[in-house]
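Protein chains in written order, with my numbering: chain A, 1 to 359; chain B, 360 to 718.
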């Protein structure tokens, strides 16, 4: 991939038209870029703020070719893009972040092997393809443990908890024959995440770590500043920079970390803007979405210094009923995704509540 | 106009597709709304971030009907919309801000009469239709003075300065036969503006006044906080609220004020978001664009408290050459409008430089 710097009026192609693509489109517009969304589903949220939308499947090579021809660079809002589509697209236009980040993050075993090779701590893990594999993994790792599909998981989907070895058969059935990974239980006090960015020229910048609380496997709140010692905060940022540099990464990445007495344990990495970074929209001059667009466009990174204490609360399903009340709150910034249909478990929006200025 | 509250997924129609419409569209998306832009010119900047664009003239009643039918409420990014188009549209959908604000602000004489009737100070003025009118006006008001067209002026267009009575003929010729107004010279120390907002339920909120510097008749910088005493600041906010309430206004309005030893003199009002309010994008939790959309949608106003000191610098024409340098600055937020063609005097973007946190 040769170096390039996009000029005002250039077009950024985005694979995926959900809320992350929507907020990436808005950030792109702020820098004078157009966006073109590629999304199989009809009426994607990102389509409301994009110059162009292609509605087609990832197996439609003609549509992929037309899409690539119409854009200057390609990025994505989710990591589970079919490999064949990526192989086709990368012949036509640069893809940022690059293929290596996708290869590593699309498979939980590959990801954990990569992190271990960097000297980072992860939960104990073993690959599980068969009932015999699972018995061996339980014997080695113990319970409680979590069985996850190696690929295509998100928001707690494709996961089964094992309280004891007796749960093995049911958990394996939940995988529906897909290759899986058994992950040992990590005894952590809380979870934090770092939103890191790396520019095409190798400049690295991380946002202040946020502290995450999940409910039913879905992110509930992210709070900054996180409850971390100065040395933990430094560790979190340095290990994120380590990951970004090892992948020669270009763009924004989310790194989820468990905080334990034995140090920080990497839960998972996401090669994209991340729900736990939404607080940056109201806590920083440059947010994670613009930081990603800057990197993808070959620009220098912006100033992501945190200027306020923020709590980000996800609005999921019926939480939309609270919007009238939240809209009248002081120090609260609503971000709604324009999804017409409210469904249980569906991310409909979020609110950033500003607690106080950090200046 | 009956009361209504727009729900997520509703569509806001915007007359005008320039940078103000573009930033209004982005703010609308943040609250879950779609936008539909009506604009005679091709490829409007707002079209890049809108769900729909209608390209048609304001005399195309069929296009206006289709546009109105496709939206839930109509607003606008500029005040010089032809009256016939407004007459047609208001039969179909509510227009916010309302017709009275447009009637008053579309004609400089009507505007100044309105302000005087509210007990506010303006520059001395007289209507000028003929050479005889101009002679009488010069005799009454004196020189230096400024001759302006009564309607359709912006960014210093349609204006001629008179240093002495000898300039009368040339100045009148510049009006090209259009009805005009002679405005006396105001000896002011500096100009400030207040961005005020009023909700459909009558809630009023003003952003902190900004101090404006113009170059060649175009806004150059706005700086907050403005150089004002506490009582001047209070006067500025109260007179803006006075104007908003008198018009039963719904939306955001820009009020330009001259600061003089004799008090604040109203230069002009603009019934829309205003260039001198762009600093709010990086100085407040809720910016002027979202405040306008909230009002137009029937929502409560948001929290516009200023949390930082900001200098907004307009990027005009060749200022775009400075973008690479500005993009690497700390504490600087770029906002580019995606206009492909750079022209002298054309507003291409702006940068908000954060000076320090006001918290």
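The beta carbon of each residue, even a glycine, is placed where N, CA and C say it ideally should be. On a predicted model such as this, the values are computed, not experimentally measured, just so you know.
Under the Cβ criterion of 8 Å, residue 322/A is not counted among the residues facing chain B.
For the options 714/B, 661/B, 502/B and 706/B, the alpha carbon positioned closest to that of residue 332/A is the one of 661/B. Looking at 477/B, 472/B, 476/B and 478/B, the one whose alpha-carbon comes closest to that of residue 484/B is 472/B. Across the segment 694 to 712 of chain B, CB contacts with chain A closer than 7 Å involve 694, 695, 696, 697, 699 and 708, in sequence order along the chain. Shortest Cα-Cα distance from residue 292/A to any of 327/A, 16/A, 198/A and 192/A involves 198/A. Cβ proximity to chain B below 8 Å picks out 47, 48, 49, 50 and 51 from the segment 42 to 75 of chain A. Our two residues, residue 328/A and residue 664/B, have alpha carbons roughly 14 Å apart in a direct line. With respect to the 8 Å criterion, residue 180/A and residue 128/A are classified as neighbours on the basis of their beta carbons. For residue 286/A, no beta strand (DSSP E) encloses it, and the DSSP letter there is neither H nor E. Between residue 393/B and residue 699/B, the alpha-carbon positions lie close to 24 Å from each other. Nearest CB-CB separation between residue 314/A and chain B: not below the 8 Å threshold. For residue 62/A, the secondary structure class from DSSP, reduced to helix, strand or coil, is helix. Between residue 450/B and chain A, the shortest Cβ-Cβ separation is not below 8 Å. Interface residue (Cβ-Cβ distance to chain A less than 8 Å): residue 690/B is classified as such. The shortest C-alpha to C-alpha distance from residue 330/A to any of 356/A, 346/A and 344/A is the one to 356/A.
For chain B, the residues of the segment 8 to 21 of chain A that bring a beta carbon within less than 9 Å of one of its beta carbons are 8 and 9, in chain order. For residue 395/B, the uninterrupted beta strand (DSSP E) segment begins and ends at 393 to 398. Taking a C-beta distance under 8 Å as the contact criterion, residue 579/B and residue 640/B do not qualify as a contact pair. Contact with chain A is found for residue 686/B, since one of that chain's Cβ atoms lies less than 8 Å from the residue's Cβ. Chain-ordered, the chain B residues with CB closer than 8 Å to the CB of residue 34/A read 407 and 697.
Against chain A, a Cβ distance below 7 Å from residue 390/B picks out 334 and 336.
For residue 19/A, the enclosing alpha helix (DSSP H) has its first and last residue at 19 to 30. Unbroken beta strand (DSSP E) runs of no fewer than 3 residues, entirely contained in the segment 268 to 343 of chain A, are found at 308 to 316 and 332 to 336, following chain order.
From the beta-carbon of residue 303/A, the residues of chain B found nearer than 8 Å are 688, 689, 690 and 691.
A Cβ-Cβ contact shorter than 8 Å links residue 676/B with residue 705/B. Between residue 563/B and residue 576/B, the beta carbon gap of about 31 Å keeps them out of contact (Cβ cut-off 8 Å). For residue 637/B, there are no C-beta contacts with chain A under 8 Å, since the nearest C-beta of that chain is about 12 Å from it. Using a CB distance cut-off of 8 Å, residue 292/A does not count as an interface residue toward chain B.
Across the set 160/A, 337/A and 344/A, the C-alpha of 337/A shows the shortest separation from the C-alpha of residue 368/B.
For residue 430/B, no alpha helix (DSSP H) run applies, since DSSP gives it neither H nor E.
Nearest CB-CB separation between residue 282/A and chain B: below the 8 Å threshold. Under the three-state reduction of DSSP output, residue 253/A falls in the strand class.
C-alpha of residue 298/A to C-alpha of residue 28/A: approximately 13 Å in a straight line. Using a CB distance cut-off of 8 Å, residue 523/B does not count as an interface residue toward chain A. For the 8 Å CB-CB criterion, residue 53/A and residue 22/A do not form a contact.
Taking the beta carbon of residue 667/B as reference, the chain A residues within 9 Å of it are 285, 307, 357 and 359, listed in sequence order.
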